[in-house]
Amino acid sequence: MSRDLDDLTRFLHLGLTVFGILALLTGLWAGDYKRVHHMGFSAHKWLGLTLSFFMAWRIWHGLYGPREARFSQWVPYTPERLKLAWEDCLTS
Numbered sequence: 032m033s034r035d036l037d038d039l040t041r042f043l044h045l046g047l048t049v050f051g052i053l054a055l056l057t058g059l060w061a062g063d064y065k066r067v068h069h070m071g072f073s074a075h076k077w078l079g080l081t082l083s084f085f086m087a088w089r090i091w092h093g094l095y096g097p098r099e100a101r102f103s104q105w106v107p108y109t110p111e112r113l114k115l116a117w118e119d120c121l122t123s
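Be aware that the sequence shown starts at 32, since it is given in my numbering, and climbs by one per residue.
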């Protein structure tokens, strides 16, 4: 398994990090949640929508992107190893 990720995956992770932190900070800064037209609420809303876009893009990229960026690569176990572990559990 390669640890080198493509530039798009790095960009997606950077976007998730930056917009996640900014959405959090503007949410804390927004203050008056009863005033929907407050500047802090508007900034928080748009940053949150952008974060949602990056999340959806990352999920799509994790399912259909390059093999190194797929979610299936997170678990370092192969079917053969899982079978051996299962058989070991049954014999114990």
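Ideal placement from N, C-alpha and C gives every residue a C-beta, glycine not left out. Computed from a prediction, not measured in an experiment: that's the story for all the values here.
Asked, Found
"Less than 8 Å between the beta carbons of Leu82 and Ala54, yes or no?", "yes"
"Following the continuous alpha helix (DSSP H) through Trp77, name the residue where it begins and the one where it ends.", "70-95"
"Leu121 to Trp105, Cα distance in whole Å?", "26 Å"
"Give the DSSP-derived three-state secondary structure of Thr109 in the structure shown.", "coil"
"Please check the pair Leu47 and Arg89, which I expect to be a contact at CB under 8 Å, by giving their CB distance rounded to whole angstroms.", "6 Å"
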